[in-house]
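Here is the structure we will look at.
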Amino acid sequence: MKKFLILYMILCVVILSGCDGAKIGVNGPVENQVSYLDEKYEHKTFKIIDGVESGNLILAGAENSFIYALDANRVDILIDGKKAELKDLEDGMPIDVYCEGNFDNVPQKQGVPIDIICFCKFINGHSIGTQRNPGGSLYDLSGLYLKVLEDLWEIDAGL
15 MKKFLILYMI LCVVILSGCD GAKIGVNGPV ENQVSYLDEK YEHKTFKIID GVESGNLILA
75 GAENSFIYAL DANRVDILID GKKAELKDLE DGMPIDVYCE GNFDNVPQKQ GVPIDIICFC
135 KFINGHSIGT QRNPGGSLYD LSGLYLKVLE DLWEIDAGL
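The sequence shown begins at 15 in our numbering and counts up one residue at a time.
Here it is in structure tokens:
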């Protein structure tokens with residue numbers, strides 16, 4: 015009985031030693047991917063309100079009512095585990111932003127942002143904020159509200 019137990023343990027060690035410790039992304043290995051499980055990286059979920067064209071994003075916090083500013087020109091962007099560019103982001107898109115440091119520095123500027131990860135949240139089978147309208151762009155209620163306010167300010171500058 016002891017011989018079988020020893021053989022079984024040796025077999026387990028041999029099998030487990032063949033396992034690769036490489037990190038695997040959504041669509042295969044992602045080179046130089048930062049491990050976000052480390053406690054030094056804080057992340058929050060945001061929705062892009064405006065600024066995709068210039069790279070200076072205005073973000074609405076999902077957990078609170080704060081507005082954040084982010085220079086996305088200096089940040090790595092991943093969409094579905096693949097490296098992407100700023101032009102792939104759209105107003106109204108929900109994103110996770112990872113940063114090294116604290117998000118709640120005054121005046122609502124983050125620490126050193128290190129990564130943006132885009133995703134699509136689903137609740138009861140319905141996606142939130144990422145549906146496409148017939149024109150092909152994302153439905154963007156924040157952008158709609160911003161446009162309404164800009165139109166009101168055009169009509170009455172005293173507002």
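Each residue gets a CB set at the ideal place from its N, CA and C atoms; glycine is no exception.
- Membership of Leu84 in the beta strand (DSSP E) is indicated by the continuous run Ile81 to Asp85.
- A straight line joining the alpha-carbon of Gly75 with that of Lys58 spans about 8 Å.
- Remark: C-beta atoms of Ile91 and Leu100 approach each other more closely than 8 Å.
- Asp105 places its beta carbon less than 8 Å from that of Asp64.
- The beta carbons of Lys61 and Leu73 sit about 7 Å from each other, so the pair counts as a contact at 8 Å.
- Going by DSSP, Leu92 is part of the beta strand (DSSP E) stretching over Asp90 to Ile93.
- Met23 has its alpha-carbon roughly 11 Å from the corresponding atom of Lys16.
- With 16 or more neighbouring CB atoms inside 10 Å of its own CB, Tyr82 falls in the buried class.
- Residue environment analysis places Ile20 among the exposed positions, since fewer than 16 neighbouring C-beta atoms fall within 10 angstroms of its C-beta.
- Excluding five sequence positions before and after Ala98, the CB atoms of its chain that fall closer than 6 Å to its own CB belong to Ile91, given in chain order.
- For Gly75, the enclosing beta strand (DSSP E) covers residues Asn70 to Gly75.
- Membership of Ala98 in the beta strand (DSSP E) is indicated by the continuous run Lys96 to Ala98.
- Cβ-Cβ distances below 6 Å link Gly69 to Ala86, Asn87 and Leu100 in the same chain, with the five nearest sequence neighbours on each side left out; the list follows chain order.
- DSSP lists Ile72 as the beta-bridge partner residues of Asp64.
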